[in-house]
Amino acid sequence: GAVVSQHPSWVICKSGTSVKIECRSLDFQATTMFWYRQFPKQSLMLMATSNEGSKATYEQGVEKDKFLINHASLTLSTLTVTSAHPEDSSFYICSARDRTSGRNEQFFGPGTRLTVL
Amino acid sequence: SQKIEQNSEALNIQEGKTATLTCNYTNYSPAYLQWYRQDPGRGPVFLLLIRENEKEKRKERLKVTFDTTLKQSLFHITASQPADSATYLCALSSSASKIIFGSGTRLSIRP
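These protein sequence lines are chains R and B, in that order. Throughout the first sequence, residue numbering follows my numbering, covering 991 to 1107 in sequence. Throughout the second sequence, residue numbering follows my numbering, covering 14 to 124 in sequence.
Structure representation (structure tokens):
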């Protein structure tokens, strides 16, 4: 149980285009989903916290107009990188918290490798 | 500011030995401490969670200790195997709050 999927697993795009990444909890409902970014040999850095049916909470330094997050249902959150540039190239990982779990445990997706040319 | 340090960027040990990874933190009083495994190009996989009022937790060949006085956690893998080679991440959180990750320790088990 507790499986989180991401789509696509990798994407290459041209500079200036927008890219949408999907995060789904497959066998549980997630009131809260998280989006992380990870650069090579660095740790996961939280970008934003997404709550179902409300606006996402962004971490300091993360542009909310550039990284659009939508959490329309209890099993799906999307991250759209708008007007992507080469410096946005990174490994994007989502996680979801099981609403029925009393513990602060997050289940992570497999990640999406974004390369902006 | 809150800081998590995983003391070794990389650790290389012989198969069959016990691998011990260290996680230290400052300016934080976490309610939970977690350890994750991350393989190259993959998302983290949850291994163990230990609460602030717990001293030790075990799961198969894994053991985690949590010393809130020293602000330190030790993560042990006994009878290590080459398949245990991966990056291990320490992570902290307060109740129902965001998780803060350490930079990880890359563990290599040589046959």
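All residues carry an ideal CB built from backbone N, CA and C; glycine is no exception.
Fill in: I63 (chain B): contacting residues in chain R (beta-carbon distance under 9 Å)
Your numbering for residue 63 (chain B) matches position 50 in the second sequence. Neighbours of I63 (chain B) on chain R: none; closest Cβ ~11 Å, over 9 Å.
Practice prompt. Whole angstroms is fine: what's the gap from K1054 (chain R)'s alpha carbon to S1044 (chain R)'s?
Written response: Looking up residue 1054 (chain R) in the first sequence gives position 64. Looking up residue 1044 (chain R) in the first sequence gives position 54. One C-alpha to the other measures close to 14 Å.
Worksheet entry | Neighbour list for S116 (chain B) in chain R, Cβ cutoff strictly below 9 Å | Here residue 116 (chain B) is taken as the residue at index 103 of the second sequence, counted from 1. Simply K1031, Q1032 and S1033.
Item to complete: Return the bridge partner residues of R1089 (chain R) from the DSSP annotation.
Response: Translated into the one-based positions of the first sequence, residue 1089 (chain R) becomes position 99. Looking at the DSSP assignment, R1089 (chain R) forms no beta bridge with any residue, so it has no partner.
Worksheet item: Which residue's Cα is closest to the Cα of E22 (chain B): B:L83, B:S107 and B:C103?
Response: By one-based count along the second sequence, residue 22 (chain B) stands at place 9. The shortest Cα separation from E22 (chain B) among B:L83, B:S107 and B:C103 belongs to B:C103.
Worksheet item: Can you list the residues of chain R that I112 (chain B) reaches, using a CB-CB cut of under 7 Å?
Response: Taking the first residue of the second sequence as position 1, residue 112 (chain B) is located at position 99. Under the 7 Å cutoff, chain R gives Q1096.
Worksheet item: CB L1069 (chain R) to CB K111 (chain B), shorter than 7 Å?
Response: For this step, residue 1069 (chain R) is matched to residue 79 along the first sequence. For this step, residue 111 (chain B) is matched to residue 98 along the second sequence. Going by C-beta atoms, L1069 (chain R) is not nearer than 7 Å to K111 (chain B).
Practice prompt. Have a look at H997 (chain R) and C1013 (chain R) and give me their C-alpha separation to the nearest angstrom.
Written response: What you label residue 997 (chain R) is simply residue 7 of the first sequence in a count that begins at 1. What you label residue 1013 (chain R) is simply residue 23 of the first sequence in a count that begins at 1. Rounded to whole angstroms, H997 (chain R) to C1013 (chain R) spans 7 Å at the Cα level.
Worksheet entry | alpha helix (DSSP H) runs wholly inside the stretch 51-91 of chain B, at least 4 long, in chain order | none
Worksheet entry | Distance, L120 (chain B) Cα to S106 (chain B) Cα | Numbered from 1 along the second sequence, position 93 holds the residue referred to as residue 106 (chain B). Numbered from 1 along the second sequence, position 107 holds the residue referred to as residue 120 (chain B). Their backbone Cα atoms lie some 24 Å apart in a straight line.
Fill in: DSSP-derived helix/strand/coil call for A1046 (chain R)
Sequence index remark: in the first sequence, residue 1046 (chain R) carries index 56 (1-based). Three-state DSSP puts A1046 (chain R) in coil, outside helix and strand.
Practice prompt. Tell me whether E1012 (chain R) sits in a helix, a strand or coil according to DSSP, three-state version.
Written response: Start at 1 with the first residue of the first sequence, and residue 1012 (chain R) comes out as number 22. In the structure shown, E1012 (chain R) sits in a strand (DSSP, three-state: E or B).
Worksheet item: Which of the residues in the stretch 48-60 of chain B, read from start to end, lie with their CB under 8 Å from any CB of chain R?
Response: Y49, G54, R55, G56, P57, V58 and F59
Worksheet item: Going along chain R in order, which residues have a C-beta closer than 9 Å to the C-beta of L102 (chain B)?
Response: For the purposes of this step, residue 102 (chain B) is taken as residue 89 along the second sequence, with counting starting at 1. What L102 (chain B) touches in chain R: S1033 and L1034.
Discussion item. Between which two residues does the beta strand (DSSP E) holding T31 (chain B) run?
Written reply: For the purposes of this step, residue 31 (chain B) is taken as residue 18 along the second sequence, with counting starting at 1. Taken as a continuous stretch (DSSP letters only), T31 (chain B) belongs to no beta strand (DSSP E), as it is neither H nor E.
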